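Undergrad:
Number of protein chains: 2
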Amino acid sequence: MEKTNLDLIKAMNWRYATKRMNGIKVPPEKVDRILEATRLSPSSFGLQPYTILVIEDHELRKKIQPAAYNQPQIAEASHLLVFAVWENITTEKVSEFISHVAEMRGIPADTLKDYQTAIESKVIGNPPEATFNWAARQAYLALGTAVVAAAVEEVDATPMEGFDPHAVDTVLHLKAKGLRSVALLTLGYRDTENDSLVRAKKVRREKEKLFVTLP
Amino acid sequence: MEKTNLDLIKAMNWRYATKRMNGIKVPPEKVDRILEATRLSPSSFGLQPYTILVIEDHELRKKIQPAAYNQPQIAEASHLLVFAVWENITTEKVSEFISHVAEMRGIPADTLKDYQTAIESKVIGNPPEATFNWAARQAYLALGTAVVAAAVEEVDATPMEGFDPHAVDTVLHLKAKGLRSVALLTLGYRDTENDSLVRAKKVRREKEKLFVTLP
Chain G
4 MEKTNLDLIK AMNWRYATKR MNGIKVPPEK VDRILEATRL SPSSFGLQPY TILVIEDHEL
64 RKKIQPAAYN QPQIAEASHL LVFAVWENIT TEKVSEFISH VAEMRGIPAD TLKDYQTAIE
124 SKVIGNPPEA TFNWAARQAY LALGTAVVAA AVEEVDATPM EGFDPHAVDT VLHLKAKGLR
184 SVALLTLGYR DTENDSLVRA KKVRREKEKL FVTLP
Chain R
4 MEKTNLDLIK AMNWRYATKR MNGIKVPPEK VDRILEATRL SPSSFGLQPY TILVIEDHEL
64 RKKIQPAAYN QPQIAEASHL LVFAVWENIT TEKVSEFISH VAEMRGIPAD TLKDYQTAIE
124 SKVIGNPPEA TFNWAARQAY LALGTAVVAA AVEEVDATPM EGFDPHAVDT VLHLKAKGLR
184 SVALLTLGYR DTENDSLVRA KKVRREKEKL FVTLP
């Protein structure tokens, strides 16, 4: 797959955090592939302690906009993804996960007892904020995958932290679903006339600074 | 790039959290491409408040191993990446970042005043743990990109949280560098004879559960 990763770097250079989108819809098969790549993201223990809300409906996106400083790309996008972590990771949820793994691999669940205990010691009984922060990191792994997958599809994507999580949770009734929003991602196409960042040079830390080769 | 993303999904299905590696070295050009894709990861404000330590030296990896429950892939890998966030995000660091953006884009730094203020209000004066957790999320975006980029290169990669951050920081003198380790990533090749997970079926949350389409 040599050629592919050259394309990956090209795709990563092509993308940017799009501030204005043009309303054109992303074809369903592209959305599906972006979501499938995201679904395949790794996570600690493979637990994936989050849910991703997929919002195409324009009215609902307009309702979310005020909770995100009225950023235009929320309404101008084709789709909005809301990455939301599980508020409560219970022994039942862990047990359900273990059963799923056992079933998928065709092995008895009790052969996974040590694995189950390891997960429980990570997610049960710790301070809720510590567990939340751990779950949020897993969601960010998935967010990173989604951004890359969108770029490969030549779909613009804007990862966003600039929003009020409580307000978004309220609009989407996430508390009742046991979820807390941690990041947004718009999918769509850049508005080349109105986005002042379209032609801005991409800035990243220089590799000599970002990477430190040891020893 | 239609075909490319089909490859991305194939690559994501091919990869898994490799527990045993065979010691074969990853060619430098592949490592370079994985690092370059990682460098291009998005981050909040574009700040990239982390440093990635790149360790090829076998002796140093052996020294890290006890801090990571002696997991064999650390020594059996070709390279170990340590994702470490900045312990202290100072106004100087923000100012240095703003200067870099201004220089790269050929604009005066004072046109970026609002941007600078926004970054400062996020990273200065908040509880250190809140800033740390925020920085860790950014590092996880980069970790997610690195995992995808490795898969595209057909290089095995194991993202790892199973280690004692304080112990790793001590071995690598990270505190003196103002860094705190948050995740490890080994790069190398699967040991198909000794890794019991080689033939294990990949388990992910079913798309009907992971994604919730609203309204």
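As they're listed, the protein sequences go chains G and R.
Numbered per this note's numbering, the first sequence spans residues 4 to 218.
Numbered per this note's numbering, the second sequence spans residues 4 to 218.
Ideal placement from N, C-alpha and C gives every residue a C-beta, glycine not left out.
This structure is a prediction, so every number in the text was calculated from the model and none was measured.
1. Would you list, in chain order, the members of the stretch 174-200 of chain R that have their beta-carbon closer than 7 Å to a beta-carbon of chain G?
2. Does the beta carbon of G:Phe166 come closer than 9 Å to any beta carbon on chain R?
3. Let's see if you can read the secondary structure: which residues bound the beta strand (DSSP E) around R:Met163?
4. Would the stretch 156-173 of chain G count as touching the stretch 66-78 of chain G if we require 3 or more Cβ pairs under 8 Å?
5. Give me the DSSP bridge partner(s) of R:Ser184.
6. Kindly indicate the opening and closing residues of the alpha helix (DSSP H) around G:Tyr118.
7. Grab the span of the alpha helix (DSSP H) containing R:Leu134 for me, first residue to last.
8. For G:His176, count the other beta carbons within 10 Å of its own beta carbon; 16 or more makes it buried, fewer makes it exposed. Which is it?
9. Suppose contacts are defined by Cβ-Cβ distances below 9 Å. Is G:Arg207 in contact with R:Arg140 by that definition?
10. Tell me where the alpha helix (DSSP H) around R:Thr195 begins and ends.
11. Mind listing the chain R neighbours of G:Met15? Cutoff is C-beta to C-beta under 7 Å, in chain order.
12. With burial defined as no fewer than 16 other Cβ atoms inside 10 Å of the residue's Cβ, what is the status of G:Arg202: buried or exposed?
13. Are three or more beta carbon pairs between the stretch 188-202 of chain R and the stretch 98-115 of chain R nearer than 8 Å?
14. Could you list which residues in chain R have their beta carbon closer than 7 Å to that of G:Gly49, in chain order?
15. Flag this pair as yes or no: are the beta carbons of G:Leu188 and G:Pro218 separated by less than 9 Å?
16. Once DSSP output is grouped into helix, strand and coil, what is the label at G:Thr21?
17. For a contact meaning CB atoms closer than 7 Å, what does G:Arg140 contact in chain R?
18. Quick one: list the residues of chain R neighbouring G:His103, beta-carbon separation under 9 Å, in chain order.
19. Comparing C-alpha positions only, which one of G:Ile27, G:Val34, G:Gly26, G:Pro30 sits nearest to G:Val151?
20. Can you look up G:His103 in the DSSP assignment and give me helix, strand or coil?
21. Quick check: what's the CA-CA separation for R:His61 versus R:Gln76?
22. Is the Cβ of G:Gly26 closer than 9 Å to any Cβ of chain R?
23. What does the alpha-carbon distance come out to for the pair R:Trp17 and R:Ala154?
24. Could you tell me whether the stretch 121-137 of chain R touches the stretch 48-60 of chain R, where touching means 3 or more Cβ pairs closer than 8 Å?
25. From R:Asp172 to R:Lys178, what distance separates their C-alpha atoms?
26. Look up R:Gly191 in the DSSP assignment and say whether it is helix, strand or coil.
27. Can you give me the C-alpha to C-alpha distance between R:Lys28 and R:Glu123, rounded to a whole angstrom?
28. Using the Cα positions of G:Glu209 and R:Ile92, report the straight-line distance between them to the nearest angstrom.
29. With a cut-off of 9 Å, does the C-beta of R:Lys22 fall near any C-beta of chain G?
30. Please look up how many angstroms separate the CB atoms of R:Leu84 and R:Leu182, rounded, as I've assumed it's under 8 Å.
31. Can you tell me whether R:Lys204 is buried or exposed? The criterion is at least 16 other CB atoms within 10 Å of its CB, across all chains shown.
32. With H, G and I counted as helix, E and B as strand and the rest as coil, what does DSSP make of G:Leu200?
33. Just checking my contact of R:Leu38 with G:Phe214 at CB under 8 Å: how many whole Å lie between their CB atoms?
34. Do R:Phe86 and R:Val158 have their CB atoms nearer than 9 Å?
35. Tell me where the beta strand (DSSP E) around G:Ile55 begins and ends.
36. Any C-beta of chain R within less than 9 Å: which residues of the stretch 53-67 of chain G qualify?
TA: Once the coordinates are examined:
1. Legend: CB atoms of the stretch 174-200 of chain R lying less than 7 Å from CB atoms of chain G belong to residues Leu175.
2. no
3. Note, R:Met163: beta strand (DSSP E), 159-163.
4. The stretch 156-173 of chain G vs the stretch 66-78 of chain G: in contact.
5. R:Ala87
6. 116-126
7. Per the sequence shown, residue 134 of chain R should be read as Thr rather than Leu. Where R:Thr134 is concerned, the enclosing alpha helix (DSSP H) starts and stops at 131-155.
8. The residue is exposed, with fewer than 16 neighbouring Cβ atoms inside 10 Å.
9. Contact: no.
10. That residue, R:Thr195, is in no alpha helix (DSSP H); it is neither H nor E in DSSP.
11. Residues of chain R with a Cβ closer than 7 Å to the Cβ of G:Met15 are, in chain order, Ala40, Leu43.
12. By the 10 Å Cβ count, G:Arg202 comes out exposed.
13. Under the Cβ criterion (8 Å, minimum of three pairs), the stretch 188-202 of chain R does not count as touching the stretch 98-115 of chain R.
14. Val206
15. no
16. coil
17. Chain-order list of chain R residues neighbouring G:Arg140: Ala139, Arg140, Tyr143, by C-beta distance under 7 Å.
18. Val206, Arg208, Glu209
19. G:Val34
20. helix
21. 11 Å
22. no
23. 7 Å
24. yes
25. 6 Å
26. strand
27. 42 Å
28. Those two C-alpha atoms are separated by around 18 Å.
29. no
30. Going by Cβ atoms, the distance from R:Leu84 to R:Leu182 rounds to 13 Å, so no, they are not a contact pair.
31. exposed
32. coil
33. 6 Å
34. Not a contact, by the Cβ cut-off of 9 Å.
35. 53-58
36. Tyr53, Thr54, Ile55, Leu56, Val57, Ile58, Glu59, Asp60, Glu62, Leu63
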